[in-house]
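Top to bottom, those sequences are chains A and B. In this note's numbering, each residue carries its 1-based index in the first sequence increased by 162. In this note's numbering, each residue carries its 1-based index in the second sequence increased by 10. Glycine included, each C-beta is placed from N, C-alpha and C at the ideal position. Report on the structure given below.
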Amino acid sequence: MIDTIDAASIVLQQESVQKLFLNNKGAAAIAVGLAAIGTGYAQRGIGSAAVGAVAEDSDNLVPGLIFTALPETLIIIALVTIFVVP
Amino acid sequence: MTPTSTTRDTGGSSNPEFVNARVRSRRAALFDDEDYRKLVRMGPGGIARFMEESEYETEINALASRHDGVDLIEYALNRNLAKHFDDLLRWSEGELHEQIVRYLRFYDAWNVKTAIRGVYSGSSPEEIRDDLIQAGELDETVLDRIVEADSIEAIVEALEGTLFEEPLVAAYDQFENEEVLIPLENAVDRAFYSELLAEVDDTRQQEGPLALYQEFLVAEIDFLNARNALRVARSGADIDPDDYVIEGGDLFSADELRTIGGDPDQLVEILRDSEYGDELSGALDQLREADSLIEFEHALDAALQEYTDHLSNVYPVSITAVMSYVLAKRLEVENIRAIARGKEVGLDQQQIEEELVIQ
């Protein structure tokens with residue numbers, strides 16, 4: 163009697179775990195989110211340096227912008243995950 | 011020019027990226043060899059005009075109505091230096107700010123020493139005021155009080171509550187007995203360096219930027235001690251090393267210097283065997299051959315500058331880039347002053363060039 167209840171609850175648990183757990187698209191979304199955090203962190207340092215350089219000499223605006231935008235590649239490439247995942 | 015309050019809340023993280031970007035840009039704008047070559051060929055008027063077209067424009071214009079000639083150049087240099095170092099304090103945050111504040115207390119020590127010398131030699135408050143460099147932590151009210159003090163005792167009183175108070179009070183008796191300024195000046199220097207090293211010693215680290223910053227401070231103290239020891243040895247004066255050696259260096263202790271007993275050759279040997287031997291070997295040879303202390307001192311300056319430049323490349327996001335800028339700016343100001351003063355007393359070009367510390 164007790165055994166059957168245990169077996170049944172295990173099955174129930176497994177079903178609910180499978181329902182709660184991420185599907186593939188969800189996991190890819192997390193990957194993209196993490197990449198976005200990485201991009202933000204990289205841009206924090208580069209951005210403040212770029213603002214400093216531009217404050218000294220406005221000729222630095224264009225190189226500053228380019229360097230600040232460079233970490234964007236991280237998130238753009240991470241975005242590919244969404245399409246690769248079935 | 012309003013002095014920046016340095017007692018702000020320094021909680022939060024530091025911003026070395028921003029500060030370094032600005033500092034490196036300013037570092038690049040300093041005068042280079044080419045500019046110095048031009049300056050050496052000019053008279054004081056020409057130098058002032060040259061400066062007016064450079065980044066010293068504001069200061070020259072502000073002071074030109076009250077001063078002229080070499081004085082104008084000198085005061086403009088001081089003001090510009092103060093402005094730039096004030097900017098450093100304004101931009102920086104967190105731990106970086108703390109470190110810069112501590113290092114720029116150098117100018118507090120400088121101002122206190124200037125005021126003491128001024129009062130001792132009976133200069134007027136205006137004259138002393140003009141010679142101060144407002145880049146340190148002491149604010150305008152304290153500076154006003156030490157400038158207007160009519161005795162050295164009053165200066166010591168005005169500095170109540172600062173880090174200079176205790177050592178100055180301790181040294182005051184000696185000053186009263188012997189009527190010489192050396193104990194007071196050394197008390198000020200020691201207060202500055204011991205404060206600087208105390209903070210660093212608390213967090214003695216094995217590697218990373220802070221460890222190298224410590225190394226730099228130790229090197230600076232060693233060089234200062236070496237310079238003082240050589241000067242004393244050269245002048246033949248019999249001064250107890252206890253009176254001038256600054257604690258914290260690796261190279262000399264007061265006891266060691268006492269046993270050497272002011273023999274310049276032995277001092278040079280110690281320097282050659284030390285960890286700085288490689289960098290200084292050229293300068294040490296020159297010292298032996300040319301018998302010129304000035305060139306050796308310039309070599310020390312250049313070696314220190316090179317060392318900080320190296321550090322700032324190894325650890326870009328730390329205080330080392332700021333350090334390298336502070337040293338470079340200080341050297342530039344000293345160079346221009348040397349050119350202007352040299353021209354004033356009629357030195358020829360080559361003699362002035364020997365006075366310059368150019369990388």
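For residue i, is the classification buried or exposed, using 16 other Cβ atoms within 10 angstroms of its Cβ as the cut-off for buried?
i, result
"residue 269 of chain B", "exposed"
"residue 152 of chain B", "buried"
"residue 235 of chain A", "exposed"
"residue 187 of chain A", "exposed"
"residue 244 of chain A", "exposed"
"residue 16 of chain B", "Summary for residue 16 of chain B: the model assigns pLDDT 44, below 50, so the residue's position carries little reliability; its value from the coordinates is reported in the next sentence. So residue 16 of chain B counts as buried."
"residue 132 of chain B", "exposed"
"residue 219 of chain A", "exposed"
"residue 134 of chain B", "exposed"
"residue 185 of chain B", "buried"
"residue 12 of chain B", "With a pLDDT of 38 at residue 12 of chain B, under the threshold of 50, the modelled position of that residue is not reliable, and no figure is offered here."
"residue 71 of chain B", "exposed"
"residue 350 of chain B", "buried"
"residue 348 of chain B", "buried"
"residue 355 of chain B", "exposed"
"residue 95 of chain B", "buried"
"residue 329 of chain B", "buried"
"residue 225 of chain A", "exposed"
"residue 23 of chain B", "exposed"
"residue 248 of chain A", "exposed"
"residue 226 of chain B", "buried"
"residue 185 of chain A", "exposed"
"residue 228 of chain A", "exposed"
"residue 206 of chain A", "exposed"
"residue 34 of chain B", "buried"
"residue 233 of chain A", "buried"
"residue 187 of chain B", "exposed"
"residue 189 of chain A", "exposed"
Is the CB-CB distance between residue i and residue j below 9 Å?
i, j, result
"residue 162 of chain B", "residue 113 of chain B", "no"
"residue 36 of chain B", "residue 339 of chain B", "yes"
"residue 41 of chain B", "residue 342 of chain B", "yes"
"residue 239 of chain B", "residue 228 of chain B", "no"
"residue 239 of chain A", "residue 198 of chain A", "no"
"residue 194 of chain B", "residue 181 of chain B", "yes"
"residue 202 of chain B", "residue 232 of chain B", "no"
"residue 290 of chain B", "residue 310 of chain B", "yes"
"residue 137 of chain B", "residue 128 of chain B", "yes"
"residue 177 of chain B", "residue 155 of chain B", "no"
"residue 283 of chain B", "residue 192 of chain B", "no"
"residue 212 of chain A", "residue 32 of chain B", "no"
"residue 198 of chain B", "residue 122 of chain B", "yes"
"residue 73 of chain B", "residue 335 of chain B", "no"
"residue 364 of chain B", "residue 345 of chain B", "no"
"residue 141 of chain B", "residue 88 of chain B", "yes"
"residue 101 of chain B", "residue 25 of chain B", "yes"
"residue 294 of chain B", "residue 281 of chain B", "yes"
"residue 115 of chain B", "residue 169 of chain B", "no"
"residue 266 of chain B", "residue 204 of chain B", "no"
"residue 200 of chain A", "residue 230 of chain A", "no"
"residue 259 of chain B", "residue 234 of chain B", "yes"
For the putative contact between residue i and residue j, defined by C-beta atoms under 8 Å, what is the C-beta separation to the nearest angstrom?
i, j, result
"residue 332 of chain B", "residue 29 of chain B", "6 Å"
"residue 143 of chain B", "residue 82 of chain B", "Rounded, the Cβ-Cβ distance is 16 Å, inconsistent with contact."
"residue 243 of chain B", "residue 277 of chain B", "6 Å"
"residue 321 of chain B", "residue 206 of chain B", "No, residue 321 of chain B and residue 206 of chain B are not in contact; Cβ-Cβ is about 16 Å, not under 8 Å."
"residue 179 of chain B", "residue 166 of chain B", "6 Å"
"residue 27 of chain B", "residue 327 of chain B", "6 Å"
"residue 39 of chain B", "residue 69 of chain B", "Not confirmed; about 15 Å, so no contact."
"residue 80 of chain B", "residue 359 of chain B", "Going by Cβ atoms, the distance from residue 80 of chain B to residue 359 of chain B rounds to 17 Å, so no, they are not a contact pair."
"residue 43 of chain B", "residue 362 of chain B", "That pair is no contact at about 14 Å."
"residue 353 of chain B", "residue 171 of chain B", "Going by Cβ atoms, the distance from residue 353 of chain B to residue 171 of chain B rounds to 43 Å, so no, they are not a contact pair."
"residue 118 of chain B", "residue 148 of chain B", "5 Å"
"residue 237 of chain B", "residue 307 of chain B", "6 Å"
Should residue i be counted as a contact of the ligand SAM given a C-beta to heavy atom distance under 8 Å?
i, result
"residue 157 of chain B", "Among the components of this structure there are no ligands whatsoever, and the ligand SAM is therefore not found."
Interfacial residues, the stretch 196 to 211 of chain A to chain B, with Cβ spacing under 9 Å = Going along the stretch 196 to 211 of chain A in chain order, one finds 206, 207, 208, 209, 210 and 211 with a Cβ nearer than 9 Å to chain B.
message = Which residues of the stretch 215 to 228 of chain A have a Cβ closer than 7 Å to any Cβ of chain B? Give them in chain order.
response = Of all residues in the stretch 215 to 228 of chain A, those with a C-beta nearer than 7 Å to a C-beta of chain B are 215, 217, 218 and 219, reading in chain order.
task = Pull out every residue of the stretch 31 to 59 of chain B whose Cβ sits closer than 7 Å to any Cβ of chain A, in chain order.
result = For the stretch 31 to 59 of chain B, which is checked against every Cβ of chain A, the residues closer than 7 Å are 31, 32, 35 and 36.
message = Output needed in chain order: residues of the stretch 82 to 115 of chain B with a Cβ under 7 Å from some Cβ in chain A.
response = Correct list: empty, as no residue qualifies.
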